[in-house]
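*Asks:* Which chain is which? The protein sequence lines are A and B, in order.
Its first residue numbered 207, the first sequence is counted upward by one per residue in my numbering.
Its first residue numbered 11, the second sequence is counted upward by one per residue in my numbering.
Glycine included, C-beta positions come from ideal geometry on N, C-alpha and C.
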Amino acid sequence: MARLRVEKISKKFDRERILEDVSFEVGSGSFSTLLGPPSAGKTTLLRIIAGVESPDEGRIILDQEDITNIPPKDRNIALVYQTFALYPHMKVYDNIASPLKAKKLPSAEIRRRVREVSEFLNIHHLLDRYPRELSGGEKQRVAIARALVRDAKIYLFDEPLTNLDYKLREAARTELKKMCKSLKVTILYATPDPIDALAMSDNVYILFRGRLLQSGPPREVYNLPNDINVAKVFSYPTINLIDANLEIRENKAVLITPFINIAFSTHVSALTEGRYLLAIRPHDLHVVFDGEDVSLANSFKARLYLTYVIGSETIAYADANGVTLALHLPYIYRITEPKDVRIFIDVSKILLFDVKSLKRMYP
Amino acid sequence: MKANIWKVATLIAFVFLTLWTLLPIYYAFITAFKSRIEITYWPPTLIPTEFTSHYWIIVWFDRPTVAYYRNTIIAGVISTLVALAFSIPTAYTCARFSFRNRADVLFTILTFRFLPPAAVVLPIYIFLRQLALLDMPISLGLLYGAINIPIGVWVLRSYIREIPPELEESYMIDGYSRLRAFFNITLPLIRPGLVAVSLIILALSWGEFIFASILTTSPAGKTLPVGISEYMGGEWGYEWNKIMAVTFYAIIPVIIAFFIVRKHLARGLTFGIVR
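1) Under 8 Å Cβ to Cβ from residue 283 of chain B, same chain only, skipping five residues before and after it: list those, please.
2) Output yes or no for whether 9 Å exceeds the beta carbon distance between residue 462 of chain A and residue 556 of chain A.
3) Let me check one thing: in DSSP terms, what residues is residue 451 of chain A bridge-paired to?
4) Only counting runs of 4 or more residues, tell me where the alpha helix (DSSP H) segments fall wholly within the region 74-162 of chain B, in order along the chain.
5) From residue 400 of chain A to residue 384 of chain A, what distance separates their C-alpha atoms?
6) Quick one: list the residues of chain A neighbouring residue 234 of chain B, beta-carbon separation under 8 Å, in chain order.
7) Count the other CB atoms, across all protein chains shown, that sit within 10 Å of the CB of residue 285 of chain B; report buried if there are 16 or more and exposed otherwise.
8) With residue 351 of chain A and residue 379 of chain A assumed to form a contact (beta carbons below 8 Å), what rounded beta-carbon distance in angstroms separates them?
9) Between which two residues does the alpha helix (DSSP H) carrying residue 372 of chain A extend?
10) Let me see if you follow: with CB-CB separation under 9 Å, is residue 169 of chain B close to chain A or not?
11) Of all Cβ atoms in chain A, is any one closer than 9 Å to the Cβ of residue 184 of chain B?
12) Quick check: the Cα distance between residue 397 of chain A and residue 234 of chain A, rounded to an integer number of angstroms?
13) Figure out for me which residue from A/524, A/513, A/489 has the closest Cα to the Cα of residue 506 of chain A.
14) Going by CA-CA distance only, name the one from A/347, A/445, A/306, A/423 that's closest to residue 325 of chain A.
15) Using a Cβ cut-off of 9 Å (strictly closer), state whether residue 224 of chain A contacts chain B.
16) Measuring only between beta-carbons, confirm whether residue 246 of chain A sits less than 9 Å from chain B.
17) Should residue 455 of chain A go down as buried or exposed, given a rule of 16 or more other Cβ atoms within 10 Å for buried?
18) For the region 191-216 of chain B, which residues have a CB atom closer than 7 Å to at least one CB atom of chain A, in sequence order?
19) How many Å lie between residue 369 of chain A and residue 504 of chain A at the Cα?
20) Three or more C-beta pairs under 8 Å: does that hold for the region 178-195 of chain B against the region 55-62 of chain B?
21) Taking the continuous alpha helix (DSSP H) assigned at residue 39 of chain B, which residues delimit it?
22) Could you pull out every residue in the same chain whose Cβ sits closer than 7 Å to the Cβ of residue 217 of chain B, ignoring the five residues on either side in sequence?
23) In whole angstroms, what separates the C-alpha of residue 458 of chain A from that of residue 213 of chain A?
24) Where does residue 186 of chain B fall in DSSP's three states?
25) At least one CB of chain A closer than 9 Å to the CB of residue 180 of chain B: is that the case?
26) Pull the bridge partners of residue 223 of chain A from the DSSP assignment, please.
27) Closest Cβ-Cβ distance between residue 176 of chain B and chain A: below 9 Å?
28) What does the Cβ neighbour count give for residue 270 of chain A, buried or exposed, with the cut at 16 atoms within 10 Å?
29) Do residue 449 of chain A and residue 481 of chain A count as a contact pair if the criterion is CB distance below 9 Å?
30) For chain A, is any of its Cβ atoms less than 9 Å away from the one on residue 223 of chain B?
31) Between B/238, B/261, B/101, which has its C-alpha nearest residue 72 of chain B's C-alpha?
32) Note down the Cα distance separating residue 446 of chain A from residue 541 of chain A, rounded to an integer number of angstroms.
33) Under a CB-based cut-off of 9 Å, is residue 149 of chain B close to chain A?
34) Should residue 184 of chain B go down as buried or exposed, given a rule of 16 or more other Cβ atoms within 10 Å for buried?
35) Going along the region 441-454 of chain A in order, which residues come within less than 7 Å of chain B, judged by CB to CB distance?
36) Buried or exposed: where does residue 25 of chain B fall if 16 or more other Cβ atoms within 10 Å of its Cβ makes it buried?
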């Protein structure tokens, strides 16, 4: 277990900026998630921390020691690659034993630890196989075993679930979460999937186009994204963004959108009049069913035109006076043809962003 | 119907190619059994009227064929080792590291191979004479090795590029140096490429004529291709039956070598074509 501090890391490839002034700290024994869309710089950052890439500027500090210029073999950091990077000409056993052999441990000790970790990950029956004889899920577990067999100071995971198919990913996520909780090691986990971040991590770092936009406990970052890109990255399905105008009418703030005018209580008086981007998560929009109060406050008419069911939930798309809205309904709901409905918007969940700086202005 | 026409056309093409390749070998083979009289027959006989094994035996004794063999093997093995020793690190560097003018460096290396041997053979002759290295199969081996480095670099570079760098990186993260990663990960994985390149260079050195004929002088210093040419136009005229017998002896080791490693080769030569 160790603390990791990333200090003002910058990296360019050719002329392209991959990382720009990224700083954060991973606490000892914590599970931290590096969340960002593809090509945000996650992999480069992990490679710099592991030492197979060197930063143009900045330092990597591990337990008070500056390791920026130490070769990867002396860093004692484990990294699980997205592509698993299993050595194709070595059997599973030798793949897992590789870091132990590097340390020249006694062979009895190597055998014991490989057996332990492979039983823990339920791959002990595969030790005599070659990587090409394994399924995707098995390869992933071998790659994780090769990391966990070590006494590394910190374990880096680069999208280990991305190369698995959908069903396997769900199972692997649960398994990984259970495993990490029981291990009590320091983990930094890179992923583009907000669900990974919400499900597993103590801390989340949002990386976007090479910049660290926000960090903190996942619930906090999820509820109060500082930047519109954080809201976009950290939401599934993608958060709804609506052009809105704020007007002050008789000392009350009113938010004008193409499909609804929302009266705000007084505490938003800090906001000035003008254009904003209104953000509302798909699960904070609710379909109002027949029989319920049609004159319900903060509801508006919309035309549902597409639904699809995922498991026991539904993603729906609606058209509200020309604006497309995504809804995430916690139940199964199917339509065969477009349907006019009322949609209730949970005003307490509304976020307002500045149109220019893209920073959060409300709440 | 259309598919059938293609099938027939393919079959004819294969038959033609097979004959194109095998007929000269067949003709060489049977010519070595012909008598001195019969090799001059017109039209030539496709099956000897009289088989004699005399020339198959005599070629080992009327000239230093054993020495030719030894010299050819020495030159071939040394050239392969030299070419590999220089082209593996060069190929690795060009495949894994980016540096200024990398493409130019690679192309320049390739142009060395375009050089016609006749253009450089004389300076090399003088050079070797000054160093007292003439007439030695080792010098030929070093020379062939140097000439074939570009082939090694270009073929091996494409092999190394097929190996994901993540494998070496992962191995370094496991706790090994880059050098160990190279020897334990990259080298075993490009083995088909190493086999293919070795065989190509061995075959090229085996059959090389111009350098060998000018840089060797004594009968015991010559290689097989030069030795074969010794049967041409001497006091006995063109002794085609002996030429063919020695030629056959000369190509047998190459055929055996290709046969032994044919599996690697089939994969090696098509590697990277289909991904």
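*Replies:* According to the data block:
1) Caution applies to residue 283 of chain B, whose pLDDT of 42 falls short of 50 and renders its modelled position unreliable; the value that the coordinates give is listed next. Answer for residue 283 of chain B: no residue qualifies.
2) no
3) A/462, A/481
4) 75-106, 112-124, 127-140
5) 18 Å
6) In chain order: nothing, as chain A lies at least about 37 Å away.
7) Bear in mind that a pLDDT of 33 at residue 285 of chain B, under 50, signals an unreliable position, so the number given afterwards is only what the model happens to contain. Exposed: under 16 other Cβ atoms inside 10 Å.
8) Between residue 379 of chain A and residue 351 of chain A the Cβ distance is about 17 Å, and since that is not below 8 Å, they are no contact.
9) 372-389
10) no
11) Chain A, which has a Cβ nearer than 9 Å to the Cβ of residue 184 of chain B, makes this yes.
12) Roughly 20 Å separates the two Cα atoms.
13) A/524
14) A/347
15) no
16) Interface residue (Cβ-Cβ distance to chain B less than 9 Å): residue 246 of chain A is not classified as such.
17) exposed
18) 195, 198, 199
19) Looking at the two C-alpha atoms, the distance is approximately 43 Å.
20) no
21) It spans 12-41 - the alpha helix (DSSP H) in which residue 39 of chain B sits, taken as one unbroken run.
22) 235
23) Distance from the CA atom of residue 458 of chain A to the CA atom of residue 213 of chain A, rounded to whole angstroms, is 45 Å.
24) coil
25) By this cut-off, residue 180 of chain B is an interface position.
26) A/218
27) yes
28) exposed
29) Closer than 9 Å, so yes.
30) no
31) B/238
32) 21 Å
33) no
34) The residue in question, residue 184 of chain B, is buried, as its Cβ has 16 or more Cβ neighbours within 10 Å.
35) Residues of the region 441-454 of chain A with a C-beta less than 7 Å from any C-beta of chain B: none at all.
36) exposed
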